[in-house]
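Here the working numbering is used: the first residue of the sequence shown is 754, the next is one more, and so on.
We put the beta carbon where it would ideally sit given N, CA and C, even for glycine.
Nothing here was measured: the structure is a model prediction, and the numbers come from that model.
Since the structure comes first, as structure tokens, the remarks are kept for the end.
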Amino acid sequence: MDFLMGYTSTGIDWLDMLLRVVCAIIIGGIIGFEREKHNRPAGLRTHILVCLGACVITILESTIAARMGELANANEHISISIGRIAAQVVSGVGFLGAGTIVLSQRKISGLTTAASLWNSACLGLAVGYGFYLLAFISCVLVLVVLALLSKLIRVNTEKRVEVKFLHRTETMDFINEFFEEKNVQILDLDFHMEIKDDKNLYTNVYQLKLPSHTTYTDIVARLAEHKNVLGVRTTNL
């Protein structure tokens, strides 16, 4: 019965254990719901399981450490090392996070979900050790980073803009005027010309520096409106 209830010297009874487990499920579920809503590789169930598993591990470690402490008090030749099991959770969850990272067409995705999984494990450890307030405050901060930070702080990642067009002089004047109007700086330009259907088809590949109020979506949409532009797309650097 003592094994089920928890050792009294740890200050963890079965009600406290249950509370910690429920808190871990709630915290993992909150973060997982945000990832699930955005259709990420690791969603609600994965985050709950990671957070719950980390919580259970720390409860077990706390209980084992308390019993070893009793033995150490009885025998001075026994030494105790606390935190080794929890450390394996922190490092081991990295393998699970790696499974959410995908490399496709020279673009890496899933890093944020991997980081949220790692944080979910850390919050589970915090709950398992009984740091409820720290865990819930950290959970709120994780949600702020995942859901709000990208909206409050917009960063234009560097891309190349490829423009295919006809009538070089007329179209180049339009492109340059548009960039000047939007305060877009041209950092680099690759130029290519080919003959297609007895017409000169030009391709410009721009590396641009955009002001904070302008996005690549704005650039592509505006350039595509011109009658001489046959195609516009962005590519990763």
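Q: Report yes or no: do the segment 972-982 and the segment 938-952 share at least 3 C-beta pairs separated by less than 8 Å?
A: no
Q.
For V958, list the residues DSSP reports as bridge partners.
A. Note: V958 is bridge-paired with E915 and D943 in the DSSP secondary-structure output.
**Q.** DSSP three-state assignment for T968, whether helix, strand or coil
**A.** Coil at T968, not helix or strand.
Q. Would DSSP call G984 helix, strand or coil?
A. In this structure, G984 counts as strand in the three-state DSSP scheme.
Q: Just grab the DSSP bridge partners of K952 for me.
A: K949
Q: Taking only the alpha-carbon atoms, compute the straight-line gap between I780 and T811 and give it to the nearest angstrom.
A: 16 Å
Q: Would you mind giving the Cβ-Cβ distance between R913 and T987, rounded to the nearest angstrom? I have them listed as a contact below 8 Å.
A: 7 Å
Q. Taking the alpha-carbon positions, what's the N936 to C875 distance?
A. The alpha-carbon atoms of N936 and C875 are separated by roughly 44 Å.
Q: Measure the beta-carbon distance from C804 to R773 and round it to whole angstroms, keeping in mind my assumption that it falls under 8 Å.
A: With 8 Å as the limit, C804 and R773 do not qualify as a contact, their Cβ atoms being about 11 Å apart.
(Q) Can you tell me whether H800 is buried or exposed? The criterion is at least 16 other CB atoms within 10 Å of its CB, across all chains shown. (A) buried
Q) What three-state label does DSSP hand N936 in the structure shown? A) coil
Q: Might you give, ordered along the chain, the residues of its own chain that have their beta carbon closer than 8 Å to the beta carbon of P964, omitting 5 neighbours on each side?
A: Close CB contacts of P964 within its chain, under the 8 Å cut and outside five residues either way in sequence, are with K935, N936 and V937 (chain order).
Q. Does the Cβ of T968 have 16 or more other Cβ atoms within 10 Å, making it buried, or fewer, making it exposed?
A. exposed
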